[in-house]
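Let me begin by presenting the structure, written as C-alpha coordinates, before commenting on it.
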Amino acid sequence: MLKKLLLLYENSILFTEKPKNPSDQLYVFFNDIGDEWIGIPKNEISDKELTLLKTIYTLVDYQTALVPSSAQGWYNFLLLDGTPPIYPSDSYFRLIQFHINNSDASQIEMESALKGFFTEEVSIIWESSRRGIVIEEKKQVSLSEEELISMSETLESDFYVKISFFIGKFHPISEQLRLRFLQEKEYFSFGMSYLGTHDIFTFEHIFPAYLAAHLPMELKNRGIQGIAEVFTEDQDLFSTIKIFLESNLNASLTAKKLYIHRNTLQYRIDKFHEKTGIGLKDFYGAFTVFLACLLFEQNHK
7 MLKKLLLLYE NSILFTEKPK NPSDQLYVFF NDIGDEWIGI PKNEISDKEL TLLKTIYTLV
67 DYQTALVPSS AQGWYNFLLL DGTPPIYPSD SYFRLIQFHI NNSDASQIEM ESALKGFFTE
127 EVSIIWESSR RGIVIEEKKQ VSLSEEELIS MSETLESDFY VKISFFIGKF HPISEQLRLR
187 FLQEKEYFSF GMSYLGTHDI FTFEHIFPAY LAAHLPMELK NRGIQGIAEV FTEDQDLFST
247 IKIFLESNLN ASLTAKKLYI HRNTLQYRID KFHEKTGIGL KDFYGAFTVF LACLLFEQNH
307 K
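Residue numbers are given in the working numbering: position 280 of the sequence shown equals residue 286, and the series is strictly consecutive.
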(Lines of atoms letter the chains of each structure in order from A and count residues from 1; the text may use other names and numbers.)
(Lines give C-alpha, C1' and ligand atoms only; values in the text may rest on other atoms or scores of the structure.)
Protein backbone atom coordinates (compact mmCIF):
# COMPACT_ATOMS: atom_id res chain seq x y z
CA MET A 1 0.00 0.00 0.00
CA LEU A 2 2.86 2.35 0.78
CA LYS A 3 4.13 1.77 -2.74
CA LYS A 4 1.39 4.08 -4.01
CA LEU A 5 3.11 6.92 -2.17
CA LEU A 6 6.19 6.39 -4.35
CA LEU A 7 4.12 7.68 -7.26
CA LEU A 8 3.05 10.79 -5.34
CA TYR A 9 6.44 11.59 -3.82
CA GLU A 10 9.09 10.75 -6.42
CA ASN A 11 12.03 11.20 -4.00
CA SER A 12 10.58 8.92 -1.35
CA ILE A 13 12.34 5.72 -0.29
CA LEU A 14 10.70 2.38 0.50
CA PHE A 15 12.38 0.30 3.25
CA THR A 16 11.99 -3.42 3.86
CA GLU A 17 12.70 -2.93 7.57
CA LYS A 18 12.70 -0.05 10.01
CA PRO A 19 15.58 2.29 9.12
CA LYS A 20 18.00 2.75 12.00
CA ASN A 21 19.60 6.04 10.99
CA PRO A 22 17.33 7.79 8.50
CA SER A 23 18.10 11.24 7.17
CA ASP A 24 16.73 14.07 9.27
CA GLN A 25 15.24 15.36 5.99
CA LEU A 26 12.75 12.47 5.92
CA TYR A 27 9.41 11.71 7.53
CA VAL A 28 9.31 7.94 8.08
CA PHE A 29 5.89 6.22 8.02
CA PHE A 30 5.05 2.63 8.96
CA ASN A 31 2.28 0.50 7.51
CA ASP A 32 1.56 -2.41 9.90
CA ILE A 33 -0.57 -4.23 7.33
CA GLY A 34 2.19 -4.60 4.77
CA ASP A 35 4.99 -4.39 7.35
CA GLU A 36 6.58 -1.61 5.29
CA TRP A 37 8.36 1.65 6.00
CA ILE A 38 8.66 4.63 3.70
CA GLY A 39 10.71 7.81 3.98
CA ILE A 40 9.25 10.94 2.38
CA PRO A 41 11.23 14.21 2.06
CA LYS A 42 9.87 16.76 4.51
CA ASN A 43 10.00 19.53 1.93
CA GLU A 44 7.59 17.61 -0.31
CA ILE A 45 4.83 17.26 2.29
CA SER A 46 2.46 20.08 3.19
CA ASP A 47 1.02 20.41 6.69
CA LYS A 48 -2.36 19.11 5.49
CA GLU A 49 -0.75 16.11 3.78
CA LEU A 50 1.27 15.34 6.91
CA THR A 51 -1.89 15.39 9.04
CA LEU A 52 -3.67 13.07 6.59
CA LEU A 53 -0.75 10.61 6.36
CA LYS A 54 -0.51 10.46 10.17
CA THR A 55 -4.14 9.34 10.35
CA ILE A 56 -3.52 6.52 7.87
CA TYR A 57 -0.01 5.40 8.80
CA THR A 58 2.19 5.48 11.87
CA LEU A 59 4.73 8.29 11.90
CA VAL A 60 7.95 6.84 13.29
CA ASP A 61 9.34 9.10 16.01
CA TYR A 62 13.08 9.77 15.76
CA GLN A 63 13.01 12.90 17.88
CA THR A 64 15.13 11.27 20.56
CA ALA A 65 17.95 10.68 18.11
CA LEU A 66 20.88 13.08 18.33
CA VAL A 67 21.60 13.05 14.61
CA PRO A 68 19.71 16.20 13.48
CA SER A 69 21.07 18.51 16.21
CA SER A 70 24.48 16.87 15.98
CA ALA A 71 24.63 17.31 12.20
CA GLN A 72 23.61 20.96 12.52
CA GLY A 73 26.28 21.48 15.17
CA TRP A 74 28.94 20.00 12.92
CA TYR A 75 27.71 22.07 9.98
CA ASN A 76 27.97 25.28 12.02
CA PHE A 77 31.43 24.34 13.31
CA LEU A 78 33.09 23.16 10.09
CA LEU A 79 31.40 25.34 7.46
CA LEU A 80 30.20 28.43 9.33
CA ASP A 81 33.11 28.97 11.74
CA GLY A 82 30.96 28.13 14.76
CA THR A 83 31.96 26.59 18.08
CA PRO A 84 32.87 22.89 18.33
CA PRO A 85 30.02 20.47 19.12
CA ILE A 86 29.90 19.42 22.77
CA TYR A 87 31.49 16.01 23.38
CA PRO A 88 33.71 14.58 26.12
CA SER A 89 37.25 15.98 25.89
CA ASP A 90 38.70 12.54 25.10
CA SER A 91 36.48 12.11 22.01
CA TYR A 92 38.20 11.59 18.65
CA PHE A 93 36.62 12.04 15.22
CA ARG A 94 37.62 11.55 11.63
CA LEU A 95 36.05 13.37 8.71
CA ILE A 96 35.44 11.24 5.63
CA GLN A 97 34.84 13.64 2.75
CA PHE A 98 33.12 12.43 -0.40
CA HIS A 99 32.56 13.75 -3.89
CA ILE A 100 29.86 12.52 -6.28
CA ASN A 101 30.41 13.00 -10.00
CA ASN A 102 26.68 13.07 -10.74
CA SER A 103 24.77 16.04 -9.37
CA ASP A 104 21.46 14.30 -10.16
CA ALA A 105 22.00 11.73 -7.39
CA SER A 106 19.41 12.04 -4.62
CA GLN A 107 20.99 13.41 -1.45
CA ILE A 108 18.40 11.68 0.68
CA GLU A 109 18.94 8.27 -0.88
CA MET A 110 22.71 8.68 -0.85
CA GLU A 111 22.74 9.76 2.79
CA SER A 112 20.56 6.85 3.81
CA ALA A 113 22.82 4.42 1.92
CA LEU A 114 25.99 5.85 3.44
CA LYS A 115 24.66 5.54 6.97
CA GLY A 116 23.78 1.93 6.32
CA PHE A 117 27.45 1.00 5.95
CA PHE A 118 28.52 2.24 9.36
CA THR A 119 28.02 0.11 12.46
CA GLU A 120 28.01 3.17 14.71
CA GLU A 121 25.87 6.27 14.39
CA VAL A 122 27.42 8.93 12.16
CA SER A 123 26.48 12.47 11.17
CA ILE A 124 26.45 13.60 7.56
CA ILE A 125 26.53 17.19 6.36
CA TRP A 126 26.46 18.49 2.78
CA GLU A 127 28.62 21.26 1.36
CA SER A 128 26.86 21.11 -2.00
CA SER A 129 24.74 18.72 -4.05
CA ARG A 130 27.90 16.77 -4.90
CA ARG A 131 30.15 17.06 -1.85
CA GLY A 132 29.61 16.08 1.76
CA ILE A 133 31.26 14.92 4.96
CA VAL A 134 30.70 11.84 7.10
CA ILE A 135 31.63 12.57 10.72
CA GLU A 136 32.65 9.35 12.43
CA GLU A 137 33.53 9.08 16.12
CA LYS A 138 36.38 6.74 17.06
CA LYS A 139 34.85 3.60 18.52
CA GLN A 140 35.87 -0.01 18.95
CA VAL A 141 35.29 -0.71 15.26
CA SER A 142 35.80 1.76 12.40
CA LEU A 143 35.54 1.05 8.70
CA SER A 144 38.86 0.08 7.15
CA GLU A 145 40.14 1.43 3.85
CA GLU A 146 39.22 -1.87 2.16
CA GLU A 147 35.66 -1.62 3.52
CA LEU A 148 35.38 1.95 2.27
CA ILE A 149 36.55 0.82 -1.17
CA SER A 150 33.84 -1.85 -1.11
CA MET A 151 31.30 0.79 -0.07
CA SER A 152 32.32 3.01 -2.98
CA GLU A 153 31.93 0.13 -5.43
CA THR A 154 28.52 -0.78 -4.01
CA LEU A 155 27.25 2.80 -4.24
CA GLU A 156 28.51 3.04 -7.80
CA SER A 157 26.67 -0.16 -8.68
CA ASP A 158 23.42 0.78 -6.91
CA PHE A 159 23.21 4.46 -7.87
CA TYR A 160 25.17 4.49 -11.14
CA VAL A 161 27.42 7.27 -9.88
CA LYS A 162 31.15 7.52 -9.30
CA ILE A 163 31.92 8.52 -5.73
CA SER A 164 35.34 9.29 -4.29
CA PHE A 165 36.28 9.44 -0.61
CA PHE A 166 39.04 11.15 1.33
CA ILE A 167 39.68 9.32 4.60
CA GLY A 168 40.78 11.83 7.21
CA LYS A 169 42.82 11.01 10.29
CA PHE A 170 41.27 10.75 13.75
CA HIS A 171 41.65 14.02 15.65
CA PRO A 172 40.52 15.12 19.12
CA ILE A 173 37.50 17.38 19.35
CA SER A 174 38.83 20.94 19.62
CA GLU A 175 39.02 24.24 17.75
CA GLN A 176 42.00 22.78 15.86
CA LEU A 177 39.75 20.20 14.23
CA ARG A 178 38.39 22.80 11.82
CA LEU A 179 41.94 23.64 10.71
CA ARG A 180 42.64 19.93 10.20
CA PHE A 181 39.46 19.67 8.14
CA LEU A 182 40.46 22.60 5.92
CA GLN A 183 43.88 21.04 5.33
CA GLU A 184 42.35 17.68 4.46
CA LYS A 185 39.83 19.43 2.21
CA GLU A 186 42.70 21.08 0.34
CA TYR A 187 44.43 17.70 -0.09
CA PHE A 188 41.20 16.14 -1.36
CA SER A 189 40.64 18.90 -3.92
CA PHE A 190 44.25 18.61 -5.04
CA GLY A 191 43.95 14.84 -5.40
CA MET A 192 40.78 15.13 -7.48
CA SER A 193 42.46 17.66 -9.79
CA TYR A 194 45.93 16.14 -10.15
CA LEU A 195 45.57 12.43 -9.50
CA GLY A 196 42.36 11.70 -11.36
CA THR A 197 39.25 9.99 -10.06
CA HIS A 198 39.97 7.29 -7.51
CA ASP A 199 37.69 5.45 -5.09
CA ILE A 200 39.78 6.33 -2.06
CA PHE A 201 42.21 9.13 -1.24
CA THR A 202 44.34 9.41 1.88
CA PHE A 203 46.96 11.86 3.11
CA GLU A 204 49.70 9.32 2.35
CA HIS A 205 48.41 8.89 -1.18
CA ILE A 206 48.17 12.59 -1.99
CA PHE A 207 51.01 14.27 -0.11
CA PRO A 208 53.95 13.13 -2.31
CA ALA A 209 52.26 14.63 -5.39
CA TYR A 210 51.22 17.68 -3.35
CA LEU A 211 54.82 18.18 -2.24
CA ALA A 212 56.13 17.77 -5.80
CA ALA A 213 53.67 20.37 -7.10
CA HIS A 214 54.77 22.93 -4.51
CA LEU A 215 58.53 22.58 -4.96
CA PRO A 216 60.42 25.63 -6.25
CA MET A 217 61.01 25.44 -9.99
CA GLU A 218 64.77 25.02 -9.55
CA LEU A 219 64.26 21.91 -7.41
CA LYS A 220 61.67 20.55 -9.85
CA ASN A 221 64.18 20.79 -12.67
CA ARG A 222 66.84 19.11 -10.58
CA GLY A 223 64.46 16.36 -9.56
CA ILE A 224 63.80 15.19 -13.10
CA GLN A 225 67.25 15.91 -14.56
CA GLY A 226 68.41 12.95 -16.57
CA ILE A 227 65.17 11.07 -16.02
CA ALA A 228 62.73 13.27 -17.91
CA GLU A 229 64.63 12.69 -21.15
CA VAL A 230 64.30 8.90 -20.72
CA PHE A 231 60.58 9.13 -20.01
CA THR A 232 60.03 11.53 -22.93
CA GLU A 233 61.68 9.10 -25.32
CA ASP A 234 59.69 6.14 -24.03
CA GLN A 235 56.23 6.79 -22.54
CA ASP A 236 55.68 3.06 -21.97
CA LEU A 237 58.79 3.02 -19.81
CA PHE A 238 57.42 5.89 -17.73
CA SER A 239 54.08 4.11 -17.17
CA THR A 240 55.86 0.88 -16.31
CA ILE A 241 58.21 2.41 -13.74
CA LYS A 242 55.47 4.48 -12.08
CA ILE A 243 53.06 1.55 -11.75
CA PHE A 244 55.91 -0.67 -10.52
CA LEU A 245 56.69 1.81 -7.75
CA GLU A 246 53.01 2.32 -6.89
CA SER A 247 52.67 -1.47 -6.64
CA ASN A 248 55.37 -1.61 -3.93
CA LEU A 249 57.91 -3.15 -6.36
CA ASN A 250 55.67 -6.19 -6.75
CA ALA A 251 56.57 -7.57 -10.17
CA SER A 252 53.61 -9.96 -10.44
CA LEU A 253 51.06 -7.28 -9.55
CA THR A 254 52.68 -4.76 -11.90
CA ALA A 255 52.72 -7.21 -14.83
CA LYS A 256 49.06 -7.99 -14.17
CA LYS A 257 48.10 -4.30 -14.14
CA LEU A 258 49.99 -3.66 -17.37
CA TYR A 259 48.86 -6.89 -19.09
CA ILE A 260 52.45 -7.84 -19.89
CA HIS A 261 54.69 -10.82 -19.15
CA ARG A 262 57.04 -10.61 -16.18
CA ASN A 263 60.00 -10.97 -18.53
CA THR A 264 58.84 -7.91 -20.44
CA LEU A 265 58.54 -6.03 -17.16
CA GLN A 266 62.03 -7.03 -16.09
CA TYR A 267 63.40 -5.98 -19.47
CA ARG A 268 61.92 -2.49 -19.03
CA ILE A 269 63.25 -2.16 -15.47
CA ASP A 270 66.72 -3.19 -16.62
CA LYS A 271 66.46 -0.74 -19.50
CA PHE A 272 65.62 2.09 -17.11
CA HIS A 273 68.58 1.19 -14.87
CA GLU A 274 70.90 1.09 -17.86
CA LYS A 275 69.82 4.50 -19.12
CA THR A 276 69.74 6.34 -15.76
CA GLY A 277 72.10 4.40 -13.53
CA ILE A 278 69.43 4.38 -10.78
CA GLY A 279 68.32 1.14 -9.19
CA LEU A 280 64.82 0.66 -7.84
CA LYS A 281 65.48 -2.07 -5.29
CA ASP A 282 66.60 0.26 -2.48
CA PHE A 283 64.48 2.89 -0.75
CA TYR A 284 66.49 5.93 -1.82
CA GLY A 285 66.50 4.99 -5.48
CA ALA A 286 62.81 4.17 -5.47
CA PHE A 287 61.93 7.40 -3.64
CA THR A 288 63.99 9.57 -6.00
CA VAL A 289 62.50 7.98 -9.11
CA PHE A 290 58.95 8.14 -7.77
CA LEU A 291 59.35 11.87 -7.10
CA ALA A 292 60.71 12.27 -10.63
CA CYS A 293 57.67 10.39 -11.96
CA LEU A 294 55.32 12.78 -10.18
CA LEU A 295 57.20 15.83 -11.45
CA PHE A 296 57.28 14.48 -15.00
CA GLU A 297 53.55 13.69 -14.90
CA GLN A 298 52.67 17.15 -13.60
CA ASN A 299 54.80 18.83 -16.28
CA HIS A 300 52.98 16.92 -19.02
CA LYS A 301 49.38 17.47 -17.96
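Glycine is no exception: its CB is placed at the ideal position from the N, C-alpha and C atoms.
- By Cβ distance below 7 Å, which residues in the same chain neighbour Leu120 in space, the five residues on each side in sequence not counted? Ile130, Val140
- How is Lys214 classed by DSSP in three states: helix, strand or coil? Rather than Lys, the amino acid found at residue 214 in this sequence is Pro. Three-state result, Pro214: helix.
- Task: List in chain order: all unbroken alpha helix (DSSP H) runs of 4+ residues lying wholly within the region 234 to 274.
- Result: 234 to 239, 241 to 252, 257 to 264
- Query: In the DSSP assignment, what are the bridge partners of Glu42?
  - Reply: Asn37
- Message: Tell me the DSSP secondary structure of Tyr81 in three-state form.
- Response: helix
- Query: Between which two residues does the alpha helix (DSSP H) containing Gln189 stretch?
  - Reply: 182 to 200
- Message: Please return the same chain residues whose Cβ sits closer than 8 Å to the Cβ of Thr260, not counting the five positions on each side in sequence.
- Response: Thr246, Ile249, Phe250, Ser253, Leu271
- Message: For Thr57, which residues in the same chain have their Cβ closer than 8 Å to its Cβ, ignoring the five residues on either side in sequence?
- Response: none
- Touching or not, the region 227 to 243 and the region 274 to 287, by the rule of three or more beta carbon pairs under 8 Å? yes
- Query: Can you name the start and end residues of the beta strand (DSSP E) that Ser112 belongs to?
  - Reply: Neither: Ser112 is in no beta strand (DSSP E) and is coded neither H nor E.
- Just the Cα atoms here: how many angstroms apart are Ile62 and Val147? 40 Å
- Item | Bridge partner(s) assigned by DSSP for Gln103 | Ile139, Phe172
- Message: Let's test the definition: count the other Cβ atoms within 10 Å of the Cβ of Arg100 and tell me whether it reaches 16, buried, or not, exposed.
- Response: buried
- Message: In whole angstroms, give me the CA-to-CA distance for Gly283 and Leu225.
- Response: 20 Å
- From the DSSP output, in three-state form, read off Leu149 for me. coil
- Ignore the nearest five residues each way along the sequence and tell me which others in Ser97's own chain have a CB closer than 8 Å to its CB. Glu143, Lys144, Pro178, Ile179
- Hey, how far is the Cα of Asn37 from the Cα of Ala257? 58 Å
- Item | Nearest candidate by alpha-carbon position, reference Thr125, set Lys307, Leu154, Pro94, Leu217 | Leu154
- Task: Measure the beta-carbon distance from Leu20 to Leu32 and round it to whole angstroms, keeping in mind my assumption that it falls under 8 Å.
- Result: Actually they are not in contact, since the Cβ atoms of Leu20 and Leu32 sit about 12 Å apart, beyond 8 Å.
- Message: Using only the alpha-carbon positions, how far apart do Met223 and Asp288 sit?
- Response: 27 Å
- Query: Hey, how far is the Cα of Glu159 from the Cα of Ser134?
  - Reply: 22 Å
- Item | Inter-residue spacing [alpha-carbon to alpha-carbon] between Thr89 and Lys24 | 34 Å
- What is the DSSP secondary structure of Thr125, reduced to helix, strand or coil? coil
- Backbone secondary structure at Thr64 - three-state DSSP: strand
- Message: Is Ile102 close to chain D? Criterion is C-beta to C-beta, closer than 8 Å.
- Response: In summary, chain D is missing from the structure at hand, where a single protein chain is found.
- Message: So, for Ala298: in the same chain, excluding its five sequence neighbours on each side, which residues have a beta-carbon less than 6 Å away from its beta-carbon?
- Response: Gly229, Ile230, Ile233
- If you follow the alpha helix (DSSP H) that Leu297 is part of, which residue opens it and which one closes it? 289 to 305
- CA-CA distance, Lys168 and Leu188? 23 Å
- Cα-Cα separation, Lys263 to Asn269: 14 Å
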